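Undergrad:
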Ligand code: SF4
Ligand code: SF4
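Protein chains in written order, with the working numbering: chain A, 9 to 358; chain U, 1462 to 2193; chain F, 4 to 199.
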């Protein structure tokens, strides 16, 4: 008879990488649901469509790289990338936006760097930033949430399909689109503030119409991940706290030109970024101390870019910039090993 | 009065699976048909067998002695007869056999002389420690470090805590648990001996809260003394020595240091029990409690097993269905080793034998890419970053791995346990550690080699110098003599005018002879240079070089030089020949060979003698040729016959040797086909290489070129064949 | 005029300042490194086999240090040594200058088939490590611990009784192999021998 000759340990926790990815995808469900409720079926269609594109792209590149295809696709990381990207782009983006973004994310940002585990940058955010820079118009065109006064209802399923796959004259939707609250804030700082603030909470004007619900939904999904021990609390907490504190500071100094902290925390892609994007393990710092620094710096950069930068939202840029710093943070935040007086830091001298 | 418990970082909570083996009392395992006792069951040098095959031994008798300070003796686990001392499979991940003493029990289990120490307090501490050493007691928790060394603290070291490690945090294992439940008093007695030996400020027993019965037993046994039972929360790997020390005292053993550096000594439960048996009963360590468990085993439980009992005997007694087992693990599921041969014996450190089914412990999933999730770093009890260590070990960046404290990894397996990507992290770390070790030993070896080489160089130079000096001294002496003679000759006018030529002294002969050899080599090198130059010239000619003339000149010069040296050499030789005191004798006296009865040796001797005789003859013939001596013909003839003789004896020898070799190979091949094949392949390859070298050193048009080439090709083919055979064998 | 002067003055004073700072640093932080040849020698495996074309490791190290030879000649050292030398000397890595068949990555030792040895002492003279023990007409043997497997004793043996064989792996020299990597199930199925 034959038995297995293998190194200890012989038992393992049943959590697998595939399960990790799956749980993260589950975690996005509340957010996805709210987005669908508020903005119609567009996001859901993008998620499904994007996943298909991502799997196809991944398979193709794996084939070209001569790697086992099924093995890598099964880990679910490509689908997760597609889901995150689809959640970040406007629900009515034409199909080619999704295709371009995902191809870039999967092929260039992930596989060309060596595939899962070797990519220095968050692929979904690379795709997002590429789109934002290349197609600023499409990427900032959001239809208003159906909670907004005067907006009848979000597009129906067939309308969404038509919007995405382009059989509709897109100028039609231009009539009903409007800038996102963050965008509004940036463009009309001062003038429209009162208007933004006048609406009631239920109608969602803490952070712009509908957006606080989106963020709260992502927060719920994120808490699920923390509870399942898929992610630790460090990065989201550090990121949201630093963003909140910074926004609060400037709000106290000059409430007229700076938005209030709640607006920042529940506005734009803050929660999606905090729980789902910044926590992408491959590109983040791993030690607890490192995670705190990493998260806090992302929060800081988000605020800086939102307040003084050229783009309305900043999660993607902030995350990518910190991806760049993650290895350095890692080097200087090693935990102290048992039996050592000091923690090691820096790289080995050779 | 609850004592502070420090919490270790990380840690995991694998399924305990301990109840299965706790249902029955400790069972005495049967004496097997054969006991295989490895000479190395501890850390340190293996013991030296001190019995012979055929010896009758009694239970507890020393059968192998400790070999050095870090070593332990081995005792006969039962009475019987030593039937072999040989290499047998033992438990080692390398699957390499180790030296074992094989004992055939006589089933009487008769004890030899036992010397209990009734009142150890009246003895010197060192004597008690020696008694512990002589009882062969090693740490029984897994590492197997000789206990006596741990207890023999340096004088002046103050021990603050003596800790008994009863944590037993590995899943499945209940050997200590059961031992405590049934024999707590004896364990405490052993602990008291240690207490007396190291005189600690406090004595603690660390035990996990998942063993209520054992805790109760300990509480009862320690009611009347100053030993404190400290219950720690269940968490793997709190039973690691360093981890337990930290949990109970808050002290960290510094990296690379010993617990006694921080005033702590930590001993295992089984060790305390064994010490008690050794001191109070005079029984050396010949058996231990081993948990036999896993779903493939019918009668799960704890067995008191004689050391050396083969695993299959134990499994058979426990009713294991090996066809249902997915692996066979010696030790626990977290740190145990899978074993490759069911005949490996139970040794001093074997606390568990695990035969799980596939449902229980499935085949590991495929390794996936590290997603840097950091789970491993969260659970590492040593505060390491396994994902970084993994990366460095994988890419062989050993320096960085060392910088990230790879050496502090205790190989607990917590990181592999949680890794979602199924990365066998511990194996990467073991690999990395092995590479670092190898590197270090290679560096040491290289340094050593350099030293030896330099030393040899120096020695050769010195010898050369000495020779030179001697030669000079001789030359001077000769010159003096000459001068004296001349002076004498001048002083005494020649009595006979013709004057007989002075017989040159032996020194002179030697001198001229050595001169001749020197000249010969000079001649050879000059010729070579000339030839080289000529070659270069032809090449230059072919390429139409514009320095042809210069080349030509050089060649001419070299040629002249070569001829000159040749002439010189010839001169020297003739003079040497004429001064040589003994004339070349026609028949060389055969070397007197010591007569031996071994035909092989005789053949060899004969062949060597004949070879020498032929070579001598050849030399003479050549000399004669050069001097165009008149007895050339005769010499040539003789050479030819001698050569034939030498060849014949050589052939005979070769044949005999081949036969012998064949026999040997056949024998070896039956023993281990791949090993022999590997050897063959290596030999064939060396031969081919050698042939190639020889081939390359010859010109294309050389007479023996073709022959050599054929030989080379043949050697190559043999090597290929050997390789192929090896591969085939390996595949099979 | 004064402008020119001040420019010249400031330039000169800056030159003096930086020059002295550099000079000071050079003295203060001077590394008392071994001469390069020593450092190169430290990287070589000290097999003393001469396969690089030099009579031993030290001479090769000197040749490399003086730029008289390439860094890819050491066959026993293999690629690791080339990498190490390339790092040390700031050169580019170049592949090993050897036939693939010449490269053995396992440590080798010489083995004398003792029953065939005629005791000619030729191998003793050839051995650069003094690792062969024996006397005229006596059987010779290799001190395995000292042998570097350099192959130099094979050639001179008149009866061809020396083999270069892979060093035997023992419990102490054995090391865990590297796992096979991503996509492969760790461990291997092995037949268990002597199962009841
Ligand atoms: S647990 Fe595994 S996948 Fe996660 S960081 Fe550690 S090694 Fe990588
Ligand atoms: S095996 Fe080593 S690295 Fe892994 S958790 Fe244990 S101590 Fe840490």
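Quick reminder that beta carbons are idealized off the backbone N, C-alpha and C, glycines included.
All of these numbers come straight from a predicted model, not from anything done at the bench.
Give the interface partners of residue 151 of chain F over in chain U, defined as CB-CB distance under 7 Å, in chain order.
TA: 1910
Undergrad: Rank U:1597, U:1513 and U:1498 by C-alpha distance to the C-alpha of residue 1559 of chain U and give the top, closest one.
TA: U:1498
Undergrad: What is the DSSP secondary structure of residue 1866 of chain U, reduced to helix, strand or coil?
TA: coil
Undergrad: Could you check the C-alpha separation between residue 1852 of chain U and residue 2150 of chain U for me, to the nearest Å?
TA: 39 Å
Undergrad: Which chain U residues sit within Cβ distance under 9 Å of residue 79 of chain A?
TA: Per Cβ cutoff of 9 Å: 1827 and 1829.
Undergrad: Give the range of the beta strand (DSSP E) segment to which residue 1765 of chain U is assigned.
TA: 1762-1767
Undergrad: Quick check: does the Cβ of residue 1874 of chain U come within less than 8 Å of any heavy atom belonging to ligand 2?
TA: yes
Undergrad: List, from N- to C-terminal side, the beta strand (DSSP E) runs of 3 residues or more that fit wholly inside the segment 124-196 of chain F.
TA: 165-169 and 191-194
Undergrad: Indicate whether at least one CB of chain F lies closer than 9 Å to the CB of residue 1754 of chain U.
TA: no
Undergrad: Mind checking if residue 177 of chain F is an interface residue toward chain A, Cβ cutoff 9 Å exclusive?
TA: Chain A contact via Cβ: absent.
Undergrad: Chain U beta carbons: is any one of them nearer than 9 Å to that of residue 13 of chain A?
TA: So yes, residue 13 of chain A belongs to the interface.
Undergrad: Just tell me which of U:1887, U:1755, U:1637 and U:1809 has its CA closest to the CA of residue 1537 of chain U.
TA: U:1809
Undergrad: Please compile the residues from chain U whose C-beta is within a distance smaller than 9 Å of the C-beta of residue 101 of chain A.
TA: Result: empty, since nearest Cβ-Cβ is about 29 Å, beyond 9 Å.
Undergrad: Determine, using beta carbons only, whether residue 186 of chain F comes closer than 9 Å to chain A.
TA: Yes, residue 186 of chain F lies at the interface with chain A (some Cβ there is under 9 Å from its Cβ).
Undergrad: Near residue 1597 of chain U, which residues of its chain fall below 7 Å by C-beta distance, leaving aside the five closest residues on each side in sequence?
TA: 1533, 1534, 1535, 1536, 1745 and 1746
Undergrad: With DSSP as the reference, label residue 357 of chain A as helix, strand or coil.
TA: Note on residue 357 of chain A: pLDDT 42, under 50, position unreliable in the model; the coordinate value appears next. Residue 357 of chain A falls in the coil class under three-state DSSP.
Undergrad: Using a Cβ-Cβ cutoff of 9 Å, what residues of the segment 19-36 of chain A are near chain U? List them in chain order.
TA: Result list: 19, 20, 21, 23, 24, 25, 26, 27, 28 and 29.
Undergrad: If you follow the beta strand (DSSP E) that residue 1499 of chain U is part of, which residue opens it and which one closes it?
TA: 1496-1499
Undergrad: Strictly by DSSP, which residues pair up with residue 57 of chain A?
TA: Residue 57 of chain A pairs with nothing; no bridge assigned.
Undergrad: Would you decide whether residue 1657 of chain U is buried or exposed? Buried here means 16 or more other CB atoms lie within 10 Å of its CB.
TA: Exposed, since its Cβ has fewer than 16 Cβ neighbours within 10 Å.
Undergrad: Between the segment 1636-1651 of chain U and the segment 1498-1510 of chain U, do three or more beta carbon pairs fall short of 8 Å?
TA: no
Undergrad: Give, in chain order, every residue of the segment 60-94 of chain A whose Cβ lies closer than 7 Å to some Cβ of chain F.
TA: 76 and 79
Undergrad: Does chain U have any CB closer than 9 Å to the CB of residue 236 of chain A?
TA: Cβ-Cβ to chain U under 9 Å: no for residue 236 of chain A.
Undergrad: Where residue 2081 of chain U and residue 79 of chain F are concerned, what is the direct C-alpha to C-alpha distance, given to the nearest angstrom?
TA: 43 Å
Undergrad: I believe residue 1791 of chain U touches residue 1811 of chain U by the beta-carbon criterion, under 8 Å. Please report the beta-carbon distance rounded to the nearest angstrom.
TA: The Cβ separation is near 6 Å, so the contact holds.
Undergrad: Can you find a CB in chain F that lies within less than 9 Å of the CB of residue 2173 of chain U?
TA: no
Undergrad: Three Cβ pairs or more, each shorter than 8 Å: is that satisfied between the segment 1829-1839 of chain U and the segment 314-326 of chain A?
TA: Between the segment 1829-1839 of chain U and the segment 314-326 of chain A there are fewer than three C-beta pairs closer than 8 Å, too few to call the two in contact.
Undergrad: Straight-line CA distance for residue 73 of chain A to residue 30 of chain A?
TA: 25 Å
Undergrad: Would residue 182 of chain F count as contacting chain A if we go by Cβ distances under 9 Å?
TA: yes
Undergrad: Taking 9 Å as the threshold (beta carbon to beta carbon), is residue 167 of chain F in contact with chain U?
TA: yes
Undergrad: Could you check the C-alpha separation between residue 24 of chain F and residue 15 of chain F for me, to the nearest Å?
TA: 14 Å
Undergrad: Leaving out five residues before and five after residue 134 of chain A in sequence, what residues of the same chain have Cβ atoms less than 8 Å from its Cβ?
TA: 112, 113, 116, 117 and 328
Undergrad: Where do the N-terminal and C-terminal ends of the beta strand (DSSP E) with residue 1728 of chain U fall, by residue?
TA: 1725-1729
Undergrad: Could one say the Cβ of residue 1751 of chain U lies closer than 9 Å to chain F's Cβ atoms, at least one of them?
TA: no
Undergrad: Locate the beta strand (DSSP E) running through residue 1626 of chain U, then write down its first and last residues.
TA: 1622-1626
Undergrad: Look up residue 1503 of chain U in the DSSP assignment and give the residues it is bridged to.
TA: Answer by DSSP bridge pairing: none, since residue 1503 of chain U is not bridged.
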